[in-house]
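Our numbering numbers the first residue of the sequence shown as 8 and each following residue consecutively.
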Amino acid sequence: MALRCRLSNQRPSRLPPCSALDALLRSDVLSSDQASIIGSFSTRPPHRPLPVRDSVRFKAHEGKGILVTGAAGGIGRATAHLLAAEGARVALADIRSDALDAAVAEMGSADAFPIRLDLADPASIAAAVEAAEARLGRLNGLVNCAAVVVHADPLDTSWADWERIFRINLFGAYEASRLVAKSMIGAGVRGAIVSVASEAGKKGHVDSLAYSASKAGLINMTRVLSAVLAPHDINVNCVCPGGVATDMLREVSVAYGRLVGARPDEVFSQLISSQLQRHIEPIEVARTISFLLGDGAVIVRGQAINADGGDTPY
Ligand SMILES: NC(=O)c1ccc[n+]([C@@H]2O[C@H](COP(=O)([O-])OP(=O)(O)OC[C@H]3O[C@@H](n4cnc5c(N)ncnc54)[C@H](O)[C@@H]3O)[C@@H](O)[C@H]2O)c1
8 MALRCRLSNQ RPSRLPPCSA LDALLRSDVL SSDQASIIGS FSTRPPHRPL
58 PVRDSVRFKA HEGKGILVTG AAGGIGRATA HLLAAEGARV ALADIRSDAL
108 DAAVAEMGSA DAFPIRLDLA DPASIAAAVE AAEARLGRLN GLVNCAAVVV
158 HADPLDTSWA DWERIFRINL FGAYEASRLV AKSMIGAGVR GAIVSVASEA
208 GKKGHVDSLA YSASKAGLIN MTRVLSAVLA PHDINVNCVC PGGVATDMLR
258 EVSVAYGRLV GARPDEVFSQ LISSQLQRHI EPIEVARTIS FLLGDGAVIV
308 RGQAINADGG DTPY
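Right, dumping it as structure tokens:
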């Protein structure tokens, strides 16, 4: 219960509770009579976790060549899988070579291949885009999915952490977008670029200030690149996920738990969508990305689409 007041903000608060209201609502400071009176105000039925839905797969991306960064991670891997199932040839790029090879092997498709990429290094990005273009013939889409997160006291975030986070999450995404856009313009491709931002980029999280700021930058970059690339009919959007059950969220739970003295599994279990009553699955974010890469999304331009199960109202 003490975690509830910031759950609407997608991250649990420090313990002890973050507001007087929270303290009031804690059942351990109420008599059982008071607690049952407060409980009796609910007009809603019990809310169980909503099941993950199946979806029908169409060949929406037949013949397209798409580069996915962060493709060895949870959301990137699910996205690469989905795009391949929808007919795309996919270049999977990531810094972790072994995990990348495993992701490609798991797909078992001749149309999927790995490219080692370090987004903190512009030369590596240029080489990766060139390799993807050479193998795919042309690039119709880019998914900027790779990122790193660091949790730290907001007044003690190191220069090195700021630099690392911004290099990978923002500068790297810009460099990849720039080079892929030029490739599309040169080839006359009416493509799409989708970046994975975060609800943190809209709300900002106190304990991951630099990460939140990098995602806010990504949202702003999306807006500007959309306008810049519109004359070439290259559509640019981003998605803002909430708590997705991936290694990153587990890493967040450990780091955050250490900061506030809470158990990682307790933190992890709190990072759920209030409407879904569960974590978001990577495939669900992948479906939103797939939509934004497609022709059905041409009137959605420069947007930061919430993919957080309903918790962010703007
Ligand atoms: N999991 C969540 O709850 C959540 C919520 C909001 C936004 N996001 C965003 O979703 C995206 C995917 O995250 P995920 O949850 O799948 O995490 P993940 O950690 O599973 O995947 C991130 C991937 O990025 C790769 N990467 C890190 N540094 C790199 C570098 N220098 N060069 C190339 N690749 C690098 C990692 O190796 C990893 O495979 C990220 O942009 C993340 O910020 C995740």
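Built from N, CA and C at the ideal position, the CB exists for glycine as well.
From the DSSP output, which residues share a beta bridge with residue 275?
Note: residue 275 sits in no beta bridge, so no partner.
C-beta contact flag for residue 286 and residue 279 at 8 Å:
yes
N-terminal and C-terminal residue of the alpha helix (DSSP H) that residue 254 is part of
254 to 267
Does the segment 178 to 190 come into contact with the segment 156 to 163, if we say contact requires no fewer than three beta-carbon pairs (one atom in each stretch) closer than 8 Å?
no
May I have the straight-line CA-CA distance separating residue 33 from residue 266, to the nearest angstrom?
Confidence is the limiting factor: at residue 33 the pLDDT is only 44, short of 50, which leaves the residue's position unreliable, though a coordinate-based value still follows. For residue 33 and residue 266, the distance between alpha carbons rounds to 22 Å.
Return helix, strand or coil for residue 2, following the three-state DSSP convention.
This structure does not reach residue 2, given that the chain is present from 8 up to 321, and the question cannot be answered.
Could you compute how far the alpha carbon of residue 307 sits from the alpha carbon of residue 244?
8 Å
With a threshold of 7 Å (Cβ to nearest heavy atom), would residue 149 be considered close to ligand 1?
no
Tell me which residue opens and which closes the alpha helix (DSSP H) that residue 322 is part of.
Any question about residue 322 goes unanswered here, given that the chain covers just 8 to 321.
Contact between the segment 116 to 134 and the segment 224 to 242: three or more CB pairs below 8 Å?
no
Whole angstroms is fine: what's the gap from residue 133's alpha carbon to residue 139's?
10 Å
Just checking residue 285 against ligand 1 - is the residue's beta carbon closer than 7 Å to any of the ligand's heavy atoms?
no
Classify residue 120 as helix, strand or coil using the three-state DSSP reduction.
Note: residue 120 maps to strand in three-state DSSP.
Do you know whose CA, among 319, 301, 154, 302, lies nearest residue 259's CA?
Selected option, being the one with the closest Cα: 154.
Looking at the secondary structure, which residues open and close the beta strand (DSSP E) in which residue 312 lies?
Here the beta strand (DSSP E) through residue 312 covers 311 to 314.
What three-state label does DSSP hand residue 115 in the structure shown?
DSSP places residue 115 outside both helix and strand once states are collapsed to three, so it counts as coil.
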